[in-house]
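Report on one structure; see the data block that follows.
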Amino acid sequence: MKEKLKKNITEALEKWGVSDVSFSVEATNDETHGEYATNVAMVSAKILKTNPKALASELVSELSENLPKEIEKVEVAGPGFINFFLKREYFSDTVSHILKEGEHYGRSVALKGQKVMVEYTDPNPFKEFHIGHLMSNTIGESIARLYEVQGAEVKRACYQGDVGLHVAKAIWGMQSVPERDENPLNSLSPEAQAQYLGHAYQLGSAAYEGGEKDAIEEINRKVYDRSDSEINKLYDWGRKVSLAYFDGQYKKLGTKFDFNFFESEMAKPGLEIVRKFLGRLFQESDGAIVFHAEKHNPKLHTRVYITSQGLPTYEAKELALHVAKARKYPADASIVITANEQDGVFAVGLEAFRQIDKEHASRVKHVSHGMLRLPTGKMSSRTGGVITADELIFSIVSKLKEKFSESERKADEVTLESVSIGAIKYSILRQSIGSDIIFDLEKSVSLEGDSGPYLQYAAVRAHSILEKAKAEGVRGSLTSTGNVEVRLPHEWQTRSFERLLSHFPEVVERAGAEFAPQYISTYLIEIAASFNNFYAQEKIVDKDDPHSPYKLALTKAFRTVMENGLWILGIKVPERM
RNA sequence: GCCCCCGUAGUUCAACGGAUAGAACGGACCCGUCCUAAGGGUUUGAUGUCAGUUCAAUUCUGGCCGGGGGCACCA
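Residue numbering for the first sequence is 1 to 577, as defined by the UniProt record's numbering.
Right, dumping it as structure tokens:
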């Protein structure tokens, strides 16, 4: 439709001898402005030496001879916009279109044939899975899904730091915990094992600051070269239980990784790459090997790639990771999701990779997100450090239980889990991903308005209405040709609801193009509010109401769009709540 | 000191250079025999500041003020 209108306008302009004007035809925000609007008159008024409104009127009469058949009327408004209104059938057709498409509604083939890899979550074995990982996972999963609904082939990757100083710290801690031998650690749950490791890391971390630096660095070396059998034993056990614990987290959050990359696998190739370019790209400095990124881009800075002890840093391993990824899966786009505190490191790393392999580096795209913060004093961590994902989920589940018992509803564990995770995911994805999130536990649990549970509740409500209709034998109004019969009072209201539902594919497209899941969130809140309004005013299931079948069709269309949208956000819809 | 990000109702967030800056929470008021009121309706209230570019600026550019993050052997 947009393209058709654009073509018509271009042709009309050409008649007047105007050619290279750049104007837009866009979907409007406000239905009083019609469905599509163009700014062509305002843009070209200067060239034609006339005022925008007069030009718009002339253009309208020129255009009206040859308009697409779906157009009902054309108006000039505001400072010179031309608004195009569509016929009623266009909107009711979208309802039957949604019902026909079902879970495919909103999907497109815009990126068909594209191969995409998305790396996210990236927890570190031996450390806890904390709320930062929760954030990365939520955002990454959503971006992966945004690619998928646009037809791209997506592979999910997770890069886990199973070597490095943090591991050495944890091992130091494991060695110093006296109960280690008495504790039958292997019989503990993965969560408890992870807690033990987290505690060990805290001890090691404190020891590192408090005079055990050399001892811990010694452990670090031994982990890299696997020269100490006692340390190897602790390492292998810790790595194993950590990964098992992470798997449980991924399952809970609804992510399945296609590839797992490990820092331990990147150490050797990382060293090799740096040594290969030593003297050219990398320089020796104070015994370490560094990359002077500022020589290539004044905004960057120098970073160490190989320490004076001969160990590869994160940066060196990252170079190997880029290579390993490209080898494993030849992606057209390789997305990496990290916290924005790593923007500087990543920019330098990408510059280094660009110098080595310009072609592959150009496909790498870094998406960074803010921090998930909790108002201080609201929640404390058992391990005394960062707050783990489990601790956050647990506290939300407890609040939910209170809420459920207040309203005398029952909730099973599965529902509690999907609602609590939905609450967290929504509060992450409701705002632009670059900025920090102040996660207010109380507010997320108030479950009113702008929240994940509000969306889930709307979907559940629509579902239960459809169930009721089935039980009462009231059918939706799909005809044999698959079209809906439209019969409804309050036409303008219905129309704006239909109109809203018809926008979903455009919203998805824009969210995907801009790495901006919050467009989906905002949109879903709008349709949920619109549906709840509809629900409050209309009795949907009513045997005696001739409008009931179409109301049911609308309800089903709403439910479809809501489910498809929540899927993109990675939020599950419970059966009932 | 240098680099990056961010300043929008009392609060937490939206807004592809366009029309009347959109929600939610909070405040005030209203809706209970009816499909799940975890709901709905009415109302209150905001673009840090000074310039510039533009027919049009929350959006782009620059200065100032304020907040966050990063800047060599951690990741």
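A virtual CB, placed ideally from N, CA and C, is assigned to each residue, including glycine.
1) Have a look at S368 and N51 and give me their C-alpha separation to the nearest angstrom.
2) Would you be able to state if there are at least three C-beta pairs under 8 Å between the region 235-248 and the region 164-178?
3) Which two residues bound the contiguous beta strand (DSSP E) that contains Q160?
4) For K115, which three-state DSSP category applies?
5) How about the region 344-351 and the region 286-300: do they share at least three Cβ pairs that are nearer than 8 Å?
6) Excluding the five sequence neighbours on either side, which residues of its own chain have a C-beta within less than 7 Å of the C-beta of A361, listed in chain order?
7) Take F534 as the anchor and find which of D412, Q518, L500 has the nearest alpha-carbon.
8) Below 8 Å, can you find three or more Cβ-Cβ pairs linking the region 114-134 to the region 494-509?
9) Out of curiosity, what's the CA-to-CA distance linking Q160 and F262?
10) Have a look at R280 and V241 and give me their C-alpha separation to the nearest angstrom.
11) Tell me whether the beta-carbon of Y36 lies closer than 8 Å to the beta-carbon of L5.
12) Since I believe S64 is in contact with L429 (beta carbons under 8 Å), could you give me their beta-carbon distance rounded to a whole number of angstroms?
13) Roughly how many angstroms separate the alpha carbons of S435 and M371, rounded to a whole number?
14) Ordered along the chain, which non-local residues of its own chain (more than five positions away) have a Cβ less than 7 Å from that of P123?
15) Would you tell me roughly how many angstroms separate the C-alpha atoms of I216 and G570, rounded to the nearest one?
16) Can you tell me whether DSSP reads Y305 as helix, strand or coil?
17) Return helix, strand or coil for H292, following the three-state DSSP convention.
18) Use the C-beta contact count for T32: other C-beta atoms within 10 angstroms, 16 or more gives buried, fewer gives exposed.
19) Unbroken beta strand (DSSP E) runs of length 3 or more, entirely within the region 302-351: which are they?
20) Secondary structure at S264, three-state DSSP: helix, strand or coil?
21) If you scan the region 80-142 from start to end, which runs of the beta strand (DSSP E) of 3 or more residues do you find wholly inside it?
22) Taking 7 Å as the limit between beta carbons, can you name the residues of its chain near K317, skipping five residues before and five after?
23) Assuming E72 and K87 form a contact by the criterion Cβ under 8 Å, report the distance between their Cβ atoms to the nearest whole angstrom.
A quick look at the data gives this:
1) 45 Å
2) yes
3) 153-160
4) strand
5) yes
6) L350, F353, R354
7) L500
8) no
9) 5 Å
10) 42 Å
11) yes
12) The pair is not a contact, with the Cβ atoms about 43 Å apart (cut-off 8 Å).
13) 7 Å
14) F129, H133, Q160, F246
15) 40 Å
16) strand
17) strand
18) exposed
19) 302-306, 333-339
20) helix
21) 81-86, 115-119
22) E263, M266, A267, G270
23) 4 Å
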